[in-house]
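Here the sequence shown stands for residues 3 to 421, numbered as in the working numbering.
Built from N, CA and C at the ideal position, the CB exists for glycine as well.
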Amino acid sequence: MTFQGLRACPACGAPLTPGARFCTRCGAPAFDQPADEVALAGGRRLQLSADTLSLRELLAVVESGVAYWRQRLDQAEGVARDQAAAAIKELSQILDGLATQIAQGRETVRITGRLPPQRVAPRPCALCGRGNRATARYCVACGAPLQPGMRPSTRRPPARRLAVAARTDRGMTRPLNEDTVYAGEFSTSEAPIGTLLLVADGMGGHQAGDVASTLAVATLKHTLTEALSAGLPGDDATWHDLLRQAVSEANRQVYARAQADAATRGMGTTLTVAVVTATRAHLAHVGDSRAYLMNPAGVAGEHVTWTQLTVDHTLVARLVDIGQLTPEQARSHPQRHMLYRSLGTDPTTEVDALSQALAPGDVLLLCSDGLVNHVDDPELAQIVLAEPGEDRACERLIALANARGGTDNISVVIARVKV
């Protein structure tokens with residue numbers, strides 16, 4: 003039997019039938035993930051495919067970073083001048099490495115396997131094609147039976163019971179807290195929708211980062227409430243469209259406010275949002291705040307208890323992807339906070355969107371970079387999964403980040419699916 007011409011599952015490589023939306027072997031989404039992009043000067047864009055990127059295009063990104071810091075070097079004094087000089091030195095070393103590879107005839111480089119592993123879902127549903135855990139009796143997506151002899155179910159799967167908590171802290175060195183968080187039940191005037199989780203990390207300091215994050219969260223909540231008054235989306239793709247539109251409206255509002263007043267010009271914010279309804283979480287994301295999925299029973303095999311669902315929209319994260327920097331180097335890199343995608347800094351912005359099935363014991367963790375700057379991923383999972391109280395888990399994470407310097411505002415949102 004030949005599968006020539008058929009698409010392959012991006013997660014497990016199994017052949018996909020024409021029109022399939024999910025892999026029947028592993029349950030992963032069958033559609034191609036959109037390429038990530040970095041906006042460059044002169045309208046150029048750096049395409050980041052699922053597994054490779056162009057060295058010449060990446061070279062242009064790093065060169066633009068060097069030019070930025072050289073301009074800062076000419077204008078800065080004291081500590082700021084030293085920081086600019088250090089950034090130029092590090093980026094110049096990266097430039098040398100990229101130029102050497104191009105001189106040797108190499109045009110592309112494979113991205114390292116840092117992308118989050120897929121949740122193991124080996125039992126496919128014959129009705130909708132979604133993958134399920136090996137011990138599942140009914141499909142988590144459509145309710146159809148997965149065991150021989152069981153009758154199809156026409157009822158919607160019951161909504162997951164969530165325990166939620168949210169905390170934000172100024173940290174040890176910042177004069178203001180520019181982060182905004184939210185975690186709570188979400189409903190329209192007609193009916194409850196589910197649980198809304200939000201983290202926004204404002205940028206700008208004296209340029210009103212707190213205004214940007216507060217406005218983005220308020221706009222998103224209002225826009226979602228209006229859009230969902232007509233009814234809930236029927237599939238993941240519609241959820242993604244709705245969330246992208248809501249985040250884009252937040253971007254327009256923040257950008258308009260920033261341009262209207264010299265005191266707020268240049269402000270912006272990250273935004274990571276999750277809407278949990280029935281048995282799924284629907285997420286949208288811009289910037290370098292993060293969303294994680296955790297479960298003590300495993301999220302991708304029994305020994306993998308956590309995975310990062312979102313991708314940081316930073317140049318440093320992309321350099322880690324291709325092996326130019328190690329994760330340890332990235333944690334202290336002078337340009338680790340330089341975003342190539344955010345809310346409010348440009349008239350339009352790209353928005354990532356994804357959906358995730360939830361199972362009993364799952365934990366969603368949303369956080370700002372003020373937490374992950376000081377607490378690595380295994381430590382995050384260990385504390386969250388060991389601490390049964392969501393409020394206490396938030397407090398422990400913030401206390402640990404502050405004990406290690408607390409160099410930025412720290413925000414944490416936790417939602418645990420009750421067994």
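- Cα atoms of Q384 and A264: separation of roughly 45 Å, rounded to the nearest angstrom.
- Relative to L356, the option among D238, L200, P380 whose CA is nearest is D238.
- Every alpha helix (DSSP H) stretch that sits fully inside the region 205 to 247 and reaches 4 residues is listed by chain position as 211 to 230.
- Look at R176 here: in three-state DSSP terms it is coil, with no helix or strand label.
- Under the DSSP assignment, G372 falls in the alpha helix (DSSP H) whose first and last residues are 371 to 374.
- Linking Q106 to G99 through their CA atoms gives a straight-line distance of about 11 Å.
- Residue pairing by DSSP places M269 in no beta bridge whatsoever.
- In the displayed model, D263 falls within coil according to three-state DSSP, outside both helix and strand.
- Shown here, P147 sits in a strand according to DSSP, grouped into three states.
- Exclusion of the five residues before and after D290 leaves D203, T272, D314, H315, T316, A319, H339, L341, D371 as the residues of its chain whose Cβ lies within less than 8 Å of its Cβ.
- For E187, the enclosing beta strand (DSSP E) starts and ends at 181 to 189.
- Contact between L245 and A286 is confirmed by a C-beta separation of about 4 Å, below the 8 Å threshold.
- Within the model, the alpha-carbon separation for V277 versus T312 is close to 15 Å.
- Sequence-distant partners of A185 (beyond 5 residues in either direction) whose C-beta falls short of 7 Å from its own C-beta, in its chain, are V166, A167, A168, L199, V415, A417.
- Between the beta-carbon of A403 and that of I412 there is about 5 Å, and that keeps the pair under the 8 Å contact cut.
- Per DSSP, reduced to three states, the secondary structure at V414 is strand.
- Annotation: D354 to V288 spans about 7 Å, alpha carbon to alpha carbon.
- Contact annotation: T110 and L57 have beta-carbon atoms nearer than 8 Å.
- Residue pairing of M296 in beta bridges, as defined by DSSP: W308, V365.
- For A283, the three-state secondary structure derived from DSSP is strand.
- In this chain, Q326 is not harboured by any beta strand (DSSP E), its DSSP state being neither H nor E.
- In summary, E330 is exposed, with fewer than 16 beta-carbon neighbours lying within 10 Å of its beta-carbon over all protein chains present.
- Per DSSP, the unbroken alpha helix (DSSP H) holding L402 starts and ends at 392 to 405.
- Closest in C-alpha terms to Q310, from the list E352, A395, T266, V365, comes V365.
- CA-CA distance, R83 to Q77, rounds to 8 Å.
- Around I90, the same chain offers V68, W71, R72, L75 as residues with beta carbons nearer than 7 Å, after the five sequence neighbours per side are excluded.
- Excluding the 5 residues flanking it on each side, S191 has same chain C-beta neighbours closer than 8 Å at S231, in chain order.
- Here the alpha carbon of T281 sits roughly 27 Å from the alpha carbon of A218.
- No Cβ-Cβ contact shorter than 8 Å links A252 with L295.
- Y342 carries a coil assignment under DSSP once its states are collapsed to helix, strand and coil.
- Within 10 angstroms of the beta-carbon of H335 lie 16 or more other beta-carbons, which makes it buried.
- Around the CB of Q326, 16 or more other CB atoms lie within 10 Å, so the residue is classed as buried.
- Taking C-alpha positions only, G206 is separated from V377 by approximately 24 Å.
- In the displayed model, R163 falls within coil according to three-state DSSP, outside both helix and strand.
- Scanning its chain for C-beta atoms nearer than 7 Å, with the 5 sequence neighbours on each side dropped, one finds around S215 the residues E180, D181, T182, A202, D203, G204, T271, in chain order.
- Distance from the CA atom of A138 to the CA atom of R125, rounded to whole angstroms, is 8 Å.
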